[in-house]
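Heads up: the structure comes next, in structure tokens.
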Amino acid sequence: MRVADRNIDLGIDTAADHASLALLRGDEVIATRAWHVDTTMSQELLANLDALLVGADVTRDQIASIAVTTGPGQYGAVRTGLATAQGLALALDVPLAGVSRLEAEAALYLDPAAPERVVIAVHEAGRSGTAWAAYTLDDSTNGAPRCLV
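Sequential numbering from 1 applies to the sequence shown in this note's numbering.
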């Protein structure tokens, strides 16, 4: 397949018992799949990815890039998501980006019209308890959240 035919981005979030996958074409969400992990992430992730691709009529060769959560979260689940994303990116020869789940959650609530707003994201961090961080926007971030603490 020509690189120009690759126009689908894959998102993988395995940081918790509720996992999710998303397919995007530009800013358009093509398909999503979310589920509660009943066994282990390693047993369920690839089957859910295959079901997502089949349901959206997308082949792996159409994937142009992959983004995956890097945590915080449950160690084994995060590691499974990262390893799966790395393996797919290597096999498909596509870029891979790691995304902090805290930053991704904060980005939903940050508003360029209110750059002084501070958003605190909180997430379960597996056995280590709870993780949190405070984010804001400023001119140096080009629209991306900037971590304060």
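Cβ atoms here follow ideal geometry from the backbone N, Cα and C, with glycine treated the same way. None of the values given here were measured: they were computed from a predicted structure.
Taking the alpha-carbon of residue i as reference, which of the options has the nearest alpha-carbon?
{"i": "residue 31", "options": "8, 37, 16", "result": "8"}
{"i": "residue 23", "options": "78, 68, 114", "result": "68"}
{"i": "residue 128", "options": "40, 73, 42", "result": "73"}
{"i": "residue 97", "options": "42, 61, 82, 111", "result": "82"}
{"i": "residue 174", "options": "145, 86, 124", "result": "Outside the shown range of the chain, which is 1 to 149, sits residue 174, and nothing can be said about it."}
{"i": "residue 78", "options": "88, 15, 53, 57", "result": "15"}
{"i": "residue 13", "options": "147, 56, 105, 109", "result": "105"}
{"i": "residue 116", "options": "122, 123, 54, 143", "result": "143"}
State the start and end residues of the unbroken alpha helix (DSSP H) segment that holds residue i.
{"i": "residue 42", "result": "41 to 56"}
{"i": "residue 69", "result": "First-last for residue 69: 63 to 69, but that is the beta strand (DSSP E), not the alpha helix (DSSP H)."}
{"i": "residue 151", "result": "It is not possible to answer for residue 151, since the shown part of the chain is limited to 1 through 149."}
Rounded to the nearest angstrom, what separates residue i and residue j at their Cα positions?
{"i": "residue 138", "j": "residue 100", "result": "19 Å"}
{"i": "residue 18", "j": "residue 91", "result": "26 Å"}
{"i": "residue 118", "j": "residue 39", "result": "37 Å"}
{"i": "residue 65", "j": "residue 48", "result": "18 Å"}
{"i": "residue 5", "j": "residue 136", "result": "37 Å"}
{"i": "residue 114", "j": "residue 43", "result": "43 Å"}
{"i": "residue 10", "j": "residue 84", "result": "12 Å"}
{"i": "residue 86", "j": "residue 130", "result": "26 Å"}
{"i": "residue 20", "j": "residue 33", "result": "6 Å"}
{"i": "residue 45", "j": "residue 102", "result": "21 Å"}
{"i": "residue 53", "j": "residue 28", "result": "16 Å"}
Which first and last residues belong to the beta strand (DSSP E) in which residue i is found?
{"i": "residue 135", "result": "130 to 136"}
Less than 8 Å between the CB atoms is what I'm expecting for residue i and residue j, so what's the real figure, rounded?
{"i": "residue 150", "j": "residue 63", "result": "Residue 150 falls outside the range modelled here, since the chain spans only 1 to 149, and no answer is possible."}
{"i": "residue 125", "j": "residue 149", "result": "That pair is no contact at about 15 Å."}
Exercise. Would you list, in sequence order, the uninterrupted beta strand (DSSP E) runs of no fewer than 3 residues that lie entirely inside the region 65 to 126?
Key: Secondary structure within the region 65 to 126: the beta strand (DSSP E) runs of 3 or more consecutive residues, fully enclosed, are 96 to 99, 119 to 124 (chain order).
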